[in-house]
Every structure is written in structure tokens, then in C-alpha cells.
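Working notes, structure below.
2 protein chains.
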Amino acid sequence: MKREETRERNRRALLDAALRIVARDGHQARLDEIAGQAGLSTGAVYSLFGSKDGLLTALAADYLGPQYDEIERAVPAGLDLVAAVEAFARYYRRKCDDPDALRGLSLQASMLDTAARDPDLGSRLAASVRAHEERLVALFTGRPHNGNMVTPQQAQRLATALRALFAGLSQGVLAGLAPGADEQYFAEAARALVSGASLLDQHAAPLPSGRRLTRRPTRRPPA
Amino acid sequence: MKREETRERNRRALLDAALRIVARDGHQARLDEIAGQAGLSTGAVYSLFGSKDGLLTALAADYLGPQYDEIERAVPAGLDLVAAVEAFARYYRRKCDDPDALRGLSLQASMLDTAARDPDLGSRLAASVRAHEERLVALFTGRPHNGNMVTPQQAQRLATALRALFAGLSQGVLAGLAPGADEQYFAEAARALVSGASLLDQHAAPLPSGRRLTRRPTRRPPA
DNA sequence: ATAACCTCGTTACTATAGTAATATGATTAT
DNA sequence: ATAATCATATTACTATAGTAACGAGGTTAT
Numbered sequence: 742m743k744r745e746e747t748r749e750r751n752r753r754a755l756l757d758a759a760l761r762i763v764a765r766d767g768h769q770a771r772l773d774e775i776a777g778q779a780g781l782s783t784g785a786v787y788s789l790f791g792s793k794d795g796l797l798t799a800l801a802a803d804y805l806g807p808q809y810d811e812i813e814r815a816v817p818a819g820l821d822l823v824a825a826v827e828a829f830a831r832y833y834r835r836k837c838d839d840p841d842a843l844r845g846l847s848l849q850a851s852m853l854d855t856a857a858r859d860p861d862l863g864s865r866l867a868a869s870v871r872a873h874e875e876r877l878v879a880l881f882t883g884r885p886h887n888g889n890m891v892t893p894q895q896a897q898r899l900a901t902a903l904r905a906l907f908a909g910l911s912q913g914v915l916a917g918l919a920p921g922a923d924e925q926y927f928a929e930a931a932r933a934l935v936s937g938a939s940l941l942d943q944h945a946a947p948l949p950s951g952r953r954l955t956r957r958p959t960r961r962p963p964a
Numbered sequence: 742m743k744r745e746e747t748r749e750r751n752r753r754a755l756l757d758a759a760l761r762i763v764a765r766d767g768h769q770a771r772l773d774e775i776a777g778q779a780g781l782s783t784g785a786v787y788s789l790f791g792s793k794d795g796l797l798t799a800l801a802a803d804y805l806g807p808q809y810d811e812i813e814r815a816v817p818a819g820l821d822l823v824a825a826v827e828a829f830a831r832y833y834r835r836k837c838d839d840p841d842a843l844r845g846l847s848l849q850a851s852m853l854d855t856a857a858r859d860p861d862l863g864s865r866l867a868a869s870v871r872a873h874e875e876r877l878v879a880l881f882t883g884r885p886h887n888g889n890m891v892t893p894q895q896a897q898r899l900a901t902a903l904r905a906l907f908a909g910l911s912q913g914v915l916a917g918l919a920p921g922a923d924e925q926y927f928a929e930a931a932r933a934l935v936s937g938a939s940l941l942d943q944h945a946a947p948l949p950s951g952r953r954l955t956r957r958p959t960r961r962p963p964a
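Residue numbers (my numbering), protein chains in the order written: chain A, 742 to 964; chain B, 742 to 964.
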């Protein structure tokens, strides 16, 4: 079975070359440069991955694992739910400061576009993401919160909302739509989702006629 | 001043043609078809908008207005904050069911990519979005909540988080990452941000040793 | 063992975004 | 009024993604 073997070798060679070049150029990486570094011609990409998007999708799926490794390191076991969610939030916000976060955003955008336009690649991508998301669910499941333990169902609901919130906020920060969204803001927004604290608690103002809040503000972290 | 006049006329002609064709083909719309329908050649696009992305960005900026008109219609005055936020959430979720929501997602992705790659277009886009976002802030400012009125600062914080959350959730729904995120879920997630309710309230399970929740669940809408 | 076949990568081609040089016609200065 | 200049669209070209026909060499059936 030498045929299958060379196929696999070529596949790997393309993915490895693509990783290097995509890390540098994002989704604008040129196919002939990738194929050249893999010792192949651009046609091989179409034979093995169907399209440039197919190659990038496979690459993305390959690198979701390390991505979630990093998240798990950022959210240590032993924290209760609120603390874990805050740690997650701060991790996400810090990643926006990474010098090549913009390239990451561009890649993410092209993945989104691929998913929107190519149902096949889209569902393959979605499957990878969902598979890895189980790790996120596991990361929250069982943590104490309000005297209870987080159930897998709760963790699932939470993971969906948190990923959405952070994805949206990161996009906002990087695209310049949300200039004020600092680490503190990420943490407060995330905490609002899980705890009884609202995003608004810290900035309330009385009605003109002046009855005070019924809810007292949660702890005000140091400015 | 006939020069400026024809320039403006050509600009409009390109935008009008682009609107038709982009509505059909998304960001894959072909430049020569757009230019052809405008009675111009593709070079005119580069002369007037600098690039295809420039044309699409201008188009997007043009159509943010109607977008926000629709939002304002979906969130009537007179609702308190929680109800307004829920209405907003449900509007956003319903838009995911639109038959050409996927084309919208693809366009949104390409705008994101443009913002990530071209600082100039990115900041122009961000400026348009922020300008229109003031309407969103105004939409929430002054509504009653917990016996107070929402301040502009609170509304700003809220608008940032809501847009991020809905953008992320919509992307998730359309890309197949968040299959369970129905209208109800959108509404609950949004409510969690503003009110004391947590996303987890409805799905709590007791600890093995069994102390109950300290917080009682908020109203459970009919299934 | 040999012939038919199938898989996969290459080569040559097409389509489209973008660039550079050019031409045309408006604006401005003399 | 006429010439110089500038702005803007066109034309011809380049670069790159994608397609289709082809061919080499591994695979399978007799």
C-alpha cells in the first residue's frame, strides 16, 4: 500500500508548509508557495483538500487542539465557577493584545466565510469545533457555584454563551468597535452571565425622583 | 463643477449596481459585472473606492442605517430594559432564520477580514458602526430597570456586550456551532447580562449532599 | 506475469482581482 | 482664448485561485 502512504506524506507536507506560511501571511498565503515548500504543485492541494479553503479548514481543525490546551492552562482546576469564568475572560482579552491577533482575526473571518459558503467544509469545521468544545464543557462541569455543582447541561449552555460573547467582544476590540472593552470589562460581562451580578450594577444612577437600587452592587474590584 | 458631479454620479451608480449584485452574490460579486451594470469599467472602482473591499465597505456603511431602523422598530419604546433587551435578542435570533442569512454572514465575515487587514478601511468601517451604535445606546438609555433609569454609560456598556453576544451567537447558529441556541436561549443569555438572573438558574442540580439553591429561578416562560 | 484499471499529481488553461500606463476631458492660469 | 495641468476612467497587463485533460505509476484481476 505505497499509494496511501505517499498520499498521507504529501498531505502532511502540505499541512506543515501551510502552517508556516499561513502563520506569516494569514489566509492570503499563496498556494504555489505552500505547494512549492511541500515539494508539490498547486494541483496537489486540489487533489488532497479540494480547495484552498479545504486546506485552511484542515489546518484550523488540526490546531484547535493546542488552542484548547492553552485555554485549559489558563483556567486552573480548583477555581469555583465564577473565578473560572473570569479567568477564561481575561485569557481571551489578553489574546487580543497579541501582536498578530489581527492575523488571527482575519483567519477566523475567512473560516467563518468558508462555513457560510461551503456547506460541506462548514459542517466539517463545525464538527471539529463542537468536538473540542466538549473540553470546554468539561472545564466548567462540576465546579461549585451558589452552593451547587455545575451540571453538564449548564456547562454546555454556558460554554455556548461564553464563546459567543468572547468571540464577539474580541472581534469588537480588534476591529476598533469596542475601544473601552478592557480585561475588566470582559470579566464583568462574563460574570454577569453566570452570577447574579448585572453588567449595569456598577454604573447605576437614581431616577430623577430618587428611589435607590433594590440590588446592592457586587464587590467593586480595585480600579 | 461638472467633474465632481460626474464623479458623484458614477459613485452612486457603482454603489447601486453593487447593492443589487452583492445582494445576490455576497462578496463574491464580480467587479466587472458591477462596473458593467453601472456603465463603467472595473478601473472606475479602483479610481473611486480604491479596491473591491473599499466598494463593499462603502456599501456596508451605506446600509447600516436601514439596519438600525429595523432594530428600532423591533424594540418599541415603552418597554422596560429587560423587555427591550429580550425583544432585541429575539429580533437577532429571528434574523438567523432568514433564507439569506448565510450570505449575510459571509458578507459580515469579509467585512471583518477587511477590518483586520486594511487599517484604513477598518477604521472607516469602525467609525460608521460606532456612529450608528449611538442609536443603540439611545434605544436603551432612560428605560426603567430595578427602579432606576438606565444611564447613557450603562447603555453603552450594555450595547457593547449585547452586540458582541448576538454577533457571536448568530455566527454560532449559522455556522452550526450552537445548534441549541433558539430564540429562548438568546433571550435568556441577554437577560442574564442585564438582570440578576443567571444563564444557569433554570438548569441547576443539587450537590450530591443536597443543599438547595439560594437564588430562586426567575419566571420560567412557557415551553 | 501481464494487462486493465484506478488514483493522484502535473501541466496547461480560464477567470477574476488588482496595477500601471494612457487617454480624455474638465479646470485653471496666462 | 488658449495652453498647461490635473482628475478620472479605460486599456492592457500581471498575479493567483481554480479547472480539466493528461500521464505516471501503483493496484488488481485474470
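C-beta atoms are modelled at their ideal positions from N, C-alpha and C, and glycine is treated no differently.
Quantities reported herein were computed from a predicted structural model and do not represent experimental measurements.
Exercise. Since residue 820(B) is in the alpha helix (DSSP H), which residue starts that stretch and which ends it?
Worked result: Within the second sequence, residue 820(B) is the residue found at index 79, counting from 1. It is not in any alpha helix (DSSP H) - residue 820(B) carries neither H nor E in the DSSP assignment.
For this session: From the DSSP output, in three-state form, read off residue 887(A) for me.
Result: Reading the first sequence from its first residue, position 146 is the one you call residue 887(A). Residue 887(A) falls in the coil class under three-state DSSP.
For this session: Let me know the secondary structure DSSP gives residue 804(B) once reduced to three states.
Result: Here residue 804(B) is taken as the residue at index 63 of the second sequence, counted from 1. Note: residue 804(B) maps to coil in three-state DSSP.
Exercise. Along chain B, which residues have their Cβ under 7 Å away from the Cβ of residue 940(A)?
Worked result: For this step, residue 940(A) is matched to residue 199 along the first sequence. Correct list: 898, 899, 902, 934, 935.
Problem set entry | Euclidean distance between Cα positions of residue 929(A) and residue 827(A) | Position 188 of the first sequence holds residue 929(A). Position 86 of the first sequence holds residue 827(A). C-alpha separation (whole angstroms): 8 Å.
For this session: Write down the C-beta distance between residue 779(B) and residue 755(B) rounded to the nearest angstrom, noting that I regard them as a contact closer than 8 Å.
Result: Working through the second sequence from its first residue, we reach residue 779(B) at position 38. Working through the second sequence from its first residue, we reach residue 755(B) at position 14. Residue 779(B) to residue 755(B), Cβ: 5 Å. Contact.
Exercise. Are residue 938(A) and residue 901(B) close, meaning C-beta to C-beta below 8 Å?
Worked result: Position 197 of the first sequence, counted from the first residue, corresponds to residue 938(A). Position 160 of the second sequence, counted from the first residue, corresponds to residue 901(B). Taking 8 Å as the Cβ cut-off, residue 938(A) and residue 901(B) do not qualify as a contacting pair.
Exercise. Under the three-state reduction of DSSP, which class applies to residue 937(B): helix, strand or coil?
Worked result: For the purposes of this step, residue 937(B) is taken as the residue at position 196 of the second sequence. Coil.
Exercise. Would DSSP call residue 781(B) helix, strand or coil?
Worked result: Counting from 1 along the second sequence, the entry for residue 781(B) is found at position 40. If DSSP states are grouped into helix, strand and coil, residue 781(B) belongs with coil.
Problem set entry | Between the CA atoms of residue 881(A) and residue 893(A) - distance to the nearest angstrom | Along the first sequence, read from residue 1 onward, the residue named residue 893(A) stands at position 152. Along the first sequence, read from residue 1 onward, the residue named residue 881(A) stands at position 140. Straight-line Cα distance between these residues: approximately 8 Å.
Problem set entry | Chain-order list of residues whose beta-carbon lies under 7 Å from that of residue 853(B) (same chain, five-residue window excluded) | Your numbering for residue 853(B) matches position 112 in the second sequence. None.
For this session: Identify whether residue 750(B) lies in helix, strand or coil by the three-state DSSP scheme.
Result: In the second sequence, the residue the question calls residue 750(B) occupies position 9. Looking at residue 750(B) - three-state DSSP - the assignment turns out to be helix.
Problem set entry | chain A residues whose Cβ lies nearer than 8 Å to that of residue 864(B) | Counted from its first residue, the second sequence places residue 864(B) at position 123. The answer, in chain order, is 917.
Problem set entry | Closest residue to residue 860(B) among 795(B), 766(B), 887(B), 789(B) (Cα-Cα distance) | Within the second sequence, the letter at position 119 stands for residue 860(B). Comparing Cα positions, the closest option is 795(B).
Problem set entry | Below-8 Å beta-carbon distance, residue 912(B) vs any chain A residue | Along the second sequence, one-based indexing puts residue 912(B) at 171. Yes, because at least one Cβ of chain A sits closer than 8 Å to the Cβ of residue 912(B).
Problem set entry | Cβ-Cβ separation, residue 832(B) to residue 815(B) (assumed contact under 8 Å), whole Å | One-based indexing of the second sequence puts residue 815(B) at position 74. One-based indexing of the second sequence puts residue 832(B) at position 91. The pair is a contact, with the Cβ atoms about 4 Å apart (cut-off 8 Å).
Problem set entry | Alpha-carbon spacing of residue 907(A) relative to residue 905(B), whole angstroms | The sequence position of residue 907(A) within the first sequence is 166, counting from 1. The sequence position of residue 905(B) within the second sequence is 164, counting from 1. Approximately 7 Å between the Cα atoms of the pair.
Exercise. Where residue 767(B) and residue 845(B) are concerned, what is the direct C-alpha to C-alpha distance, given to the nearest angstrom?
Worked result: Numbered from 1 along the second sequence, position 26 holds the residue referred to as residue 767(B). Numbered from 1 along the second sequence, position 104 holds the residue referred to as residue 845(B). Going by the C-alpha atoms only, they are around 7 Å apart.
Exercise. Between residue 822(A) and residue 885(A), which are expected to be in contact by the criterion C-beta below 8 Å, what is the C-beta distance as a whole number of angstroms?
Worked result: As a first step, residue 822(A) is located in the first sequence; it is residue number 81 there, counting from the start. As a first step, residue 885(A) is located in the first sequence; it is residue number 144 there, counting from the start. Right, their Cβ atoms sit about 7 Å apart.
Problem set entry | CA-to-CA distance, residue 873(A) to residue 806(A), given in whole angstroms | Mapped onto the first sequence, residue 806(A) falls at position 65. Mapped onto the first sequence, residue 873(A) falls at position 132. Answer to the nearest angstrom: the Cα atoms are 7 Å apart.
For this session: Using a Cβ-Cβ cut-off of 8 Å, state whether residue 871(B) counts as contacting chain A.
Result: For the purposes of this step, residue 871(B) is identified with residue 130 of the second sequence, where counting begins at 1. Closer than 8 Å: yes.
Exercise. Beta-carbon of residue 824(A) versus every beta-carbon of chain B: anything under 8 Å?
Worked result: For the purposes of this step, residue 824(A) is identified with residue 83 of the first sequence, where counting begins at 1. Not an interface residue.
For this session: Could you work out which residues of chain B lie near residue 925(A), taking near to mean beta carbons separated by less than 9 Å?
Result: Position 184 of the first sequence, counted from the start, is the residue given in the question as residue 925(A). The contacting residues do not exist; residue 925(A) stays about 11 Å from chain B at best.
Exercise. Does DSSP classify residue 851(B) as helix, strand or coil?
Worked result: Numbered from 1 along the second sequence, position 110 holds the residue referred to as residue 851(B). Helix at residue 851(B).
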